[in-house]
Amino acid sequence: MNHAHSKLNFINTTPTYLSVAVRHVLFGVMLLPLTSPLANAELIMDTQYTALSESDEMSKTAAIDATKTDTIDTAASLETQTLLTDDSMSNIATSDDLSTDTPSVINTKNTPDDDPAKQTRQALTKPAVATDKQTAKQQSLAKLAQNYQVKPNVHARCQGVWTQPKNANQIGHNAQSFAGIKAEADYGYWDAHEYAELAGNVIIEQNGQTVMADKATFNTRTGEATVQGEVQFSDGMNAGENGIGLIGVAQSISYGNQNGLATAQDVAFASTAINAHGYAGSMQKVSDTHYQMDEVMFTTCPPTERKWHLDAQRIDIDSQTGRAIAKNSTLRIKDVPVLYLPYFNFPIDSRRSSGFLLPSVGFGSSDGLEVSTPYYFNLAPNYDATITPTIFTNRNPMISGEFRYLTKNFGAGSLSGSYLPSDRKYNNQDRSRLRYEHQWQAKNIKNLTGYAQYQYVSDADYLGDFDSLGLENRSLNLPRRIGLNYHNDHVAADFRFETFQRLDGTKSDGSLITDKDRPYARLPQLSINYRLPKSWLGLNSKLQITGVHNSAYFKKSIKDASEPEKSGGRMYNQLSASYPMLRPWGYITPKLSLTHLYASYDEDSLNDQNLDKKDGSYSIFAPQFSVDAGLFFEKAGSPFKGKQSGSYQVLSPRLKYTYTPYKDQSRLPNFETIVSNISYDQLLSDSWFLGYDRIQDLHAITPAINYRYIDEQGRTRFDGSIAEQILLDELRVGINHSELFSGRSSGTAWQASIQPKESLWIDTAGALTTNYDINAITAQIRYQPDEQRLFNIGVIERKENKATNQQALSAYTASAILPISSRWRLVGQAQYDYKHERLLDSLIGVNYEDCCYGLSVYARRYRDGLNPHTNADTTIMAELRLNGISNGGRLNRLLSDKVMGYDSVQNAWQKAY
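At position 232 of the sequence shown the residue is numbered 232 (our numbering), and the sequence of numbers has no breaks.
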């Protein structure tokens, strides 16, 4: 909607442009005294120049029969000039023969001997046949529709496109200009006092903008100007060019010199940029910043099939405030009214102003009908608010609000909340939510930022109940944090305080989550990753010294006696030195590290575990040494077709050795560390722990190999890797007295990406246990035959691994986006648990899209990821998007998260006009 109103605003500036063109170009008012006759001006024609004589037989006019020419220009001259040609000497009179009362008529085409200008004026001033407003609207829109180019393909998404008028910008090449403004007409008339006109095929042009009409008149005394008779205007911009691509027709446009008042009647307009058009019974420029339109219609549909349009009794546009007010607006599908707004305040630019925003309507199988009507408060340039009342068919009304602010020195943020009293579907309990976020950027310290976040919900079911499509990131532990962040080329640091709101829920096995399963609060935590500049201490340019620091006080109260409390402090430091050596044939990187870990329990934990202070603190040092080496073998040509110009293969064997001695850590608390899942990248890392509560006792050698094939176009057709970590000593340090692996291997992992054809991709990754049983496998095939069709099919097989907190899952996945015509397409997505024979998530829907509107109808059935053993939720939704007013939608957000490759397909679908 905003685009459309910006175009209406542009149309209202047309009378101003027109008056300037008439005043400056046609009559030279800025240079000639108002009492001067037109004979004192230089009349420039293509082939002949003639001065006017008072002795002509016509009473107060003189006809000048010139050879055919299309262009006149009244560029003014303060000196009296007589311009002669050899063929017209006998017909020329000097300027001394001219009276200041002598009217002038200029005819630029061969005509009969009688007064052609008089005939033209009489024809143009005949009373128009009286027609009602509807007829005038139809006539203007029909005239405008001549600029709608119908596509030859009857199945196209849009039947056609708006184009610039064919005769726009077709002013004669020999036209003279004044201040960049050109004009031409069949006839010109001046009465030597105050009235002047152009008549017949009038064209006025400046900077590509054009106004065409049957007649243009000007009063030199009052400054009033009028164009009338099938007026057409254009900004000369086609679709795809910078600009709005404005074209239009009107019965007349009048400009009054007093206060810049301008009026246009029966205006039909269109935009080639957004393929939209509309109509206004009248447009009035009240002042330089205030415009009024009456009897307004707007739509993005083609003129041959207006499936929807907006009608408004009046629209007031204020360019100073950047807002427009529509009164008595009605949204019509075909000609059936479906939504009425007696007052609608909307923006016409990026500025904000108070008023109602577009309402939203939704329907779910469990929640029924839901209608929200937001109201926006523009409280100040740097803060605003939105209040949104929402009504449900099966709940009490809800009130929601959001407050946003922007400060000069202290950053920006938002505070939002909702409240629903006595929810009829939740045992008449009050439901509420509160969320606060703040961001800050230091002005005097580069790269220093601050942040804060607070969340609260009244119950664990709130997010699920009021997120009918399951789009929100649901969690049983809502973070509340405040902190500072700093980074540069050598340091990345974060300092924070963080706690959580802990909500009730169940674990994957169906048991209740207890206090011991909750995350620790960090009060506070400091994390620093740094790299010493090479200029320090004259270090060798290849030597790299890096470090890690992480310290925190962790607090977790145990109120359900699920285990003794284990809160306290921890400090972790690691300093590393590495020396990479890279050659064309390979590389080798030795690395030496020293790690220190300190941890201690607080008083509450010491008392809960019956420990004294000495027994409740621990300090551990451990060195680490590693060598990472690899070779590059390159071969030209394809593996299937022999040598092929431009294509090549690369084989990269790799070997990594790591040694960290064992240090007893069985009594150390674990505040945040978990064990990583098995993957190719993890097998080549120095530790299996994600966190800083343990020092890995790893003595292993990891052979790996990577193979890549790159075709002649530089496209990687195959990229595959496989690795196995061979343990030289068994791992003894685990989490909570548990060992990571047994035997001499931590397993095998691989990953591969294949593109055998332009439209086909195959991705797979997986891992085997130490006994070479399946630990996890994922595989997906993606087929995209063109930019609008997409098919995915995959499989996930994961075995339970308590050491890595990996949950078992056996599922097939599939998704498809299939256009069945240029306007209709089917979308679907599913994840099926073949072990438990149940759908985990499924969605099926249908899309309709044309240049008028988009419609989506879809159903989703899914299980709560936090409580997978509960019954599945079912939602049926419908979305209607009016192009030019609204876009996107919740279905787009959902599919973007669920379907690989959806975003590119969606962009192509929307642009397929």
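The beta carbon of each residue, even a glycine, is placed where N, CA and C say it ideally should be.
Three or more Cβ pairs closer than 8 Å define a contact, and the region 624–640 falls short of that threshold against the region 596–611.
Taking a C-beta distance under 8 Å as the contact criterion, Met212 and Gln232 qualify as a contact pair.
If you look at Gly464, you'll find it in the alpha helix (DSSP H) that goes Tyr462 to Asp465.
Per the DSSP secondary-structure output, His438 pairs in a beta bridge with Gly413 and Ala452. For Tyr902, there is no enclosing beta strand (DSSP E); the enclosing alpha helix (DSSP H) has its first and last residue at Tyr902 to Lys911. In this structure, Ala811 lies near Gln831, with their beta-carbon atoms less than 8 Å apart. DSSP links Phe632 through a beta bridge to no other residue.
Taken in chain order, the whole alpha helix (DSSP H) runs of length 4 or more contained in the region 198–257 number zero.
DSSP places Tyr187 in the uninterrupted beta strand (DSSP E) bounded by Tyr187 to Trp190. Measuring C-alpha to C-alpha distances from Arg861 to each of Tyr848, Ile876, Gly854 and Arg431 identifies Ile876 as the nearest. Measuring C-alpha to C-alpha distances from Asp504 to each of Ile558, Leu476 and Gly208 identifies Leu476 as the nearest. Using a Cβ distance threshold of 8 Å, Arg433 and Val457 count as a contacting pair. Between the region 718–737 and the region 747–762 there are three or more inter-stretch CB-CB distances shorter than 8 Å, so the stretches are counted as touching. The alpha-carbon of Ala636 is positioned some 12 Å away from that of Leu651. Judged by beta-carbon spacing, Thr210 lies beyond the 8 Å limit of Glu194, meaning their Cβ atoms are not closer than that value. In the three-state reduction of the DSSP assignment, Gln788 falls in the coil class.
Under DSSP, Ser418 takes part in a beta bridge, and its partners are Ser400 and Arg433. In the same chain as Ser416, and ignoring 5 residues on each side of it, the C-beta atoms closer than 6 Å to its own belong to Glu402 and Arg435, in chain order. By the C-beta density criterion, Met581 is exposed, having fewer than 16 other C-beta atoms within 10 angstroms. Per the coordinates, the alpha-carbon of Cys852 lies some 30 Å from the alpha-carbon of Ile253. Counting along the chain, no alpha helix (DSSP H) covers Ala273, and no H or E run does either. Here the C-alpha atom of Asp873 lies approximately 12 Å from the C-alpha atom of Leu843. Taking C-alpha positions only, Tyr375 is separated from Gln139 by approximately 38 Å. Burial is judged here by how many other beta carbons sit within 10 angstroms of a residue's own beta carbon; Trp162 has at least 16 and is buried. Secondary structure at Ala814: strand, using DSSP grouped into helix, strand and coil.
For Asn550, there is no enclosing alpha helix (DSSP H); the residue is found in the beta strand (DSSP E) stretching over Gln544 to Lys555.
If the five residues before and after Ser282 are omitted, its C-beta is found closer than 6 Å to the C-beta atoms of Gln265 and Asp294, all from its own chain and listed in chain order. Distances from the alpha-carbon of Thr589 to those of Phe689, Ala385 and Leu655 put Leu655 closest.
Spanning the alpha carbons of Asp489 and Asn573 requires a straight line of approximately 20 Å. According to the DSSP assignment, Ser527 belongs to the beta strand (DSSP E) that extends over Ala521 to Arg531.
DSSP places Asp833 in the uninterrupted beta strand (DSSP E) bounded by Trp824 to Asp833. Excluding sequence positions up to five before and after Ile399, its CB lies within less than 6 Å of the CB of Pro389 and Tyr419, all in the same chain and listed in chain order. The three-state reading of DSSP puts Ala493 in strand, counting E and B together.
Residues of the same chain with a CB within less than 6 Å of the CB of Asp430, apart from the 5 flanking positions on each side, are Pro421 in chain order. Per the C-alpha coordinates, the member of Trp308, Ser679 and Pro756 positioned closest to Ile774 is Ser679. At a Cβ-Cβ threshold of 8 Å, Leu727 and Arg744 count as neighbours.
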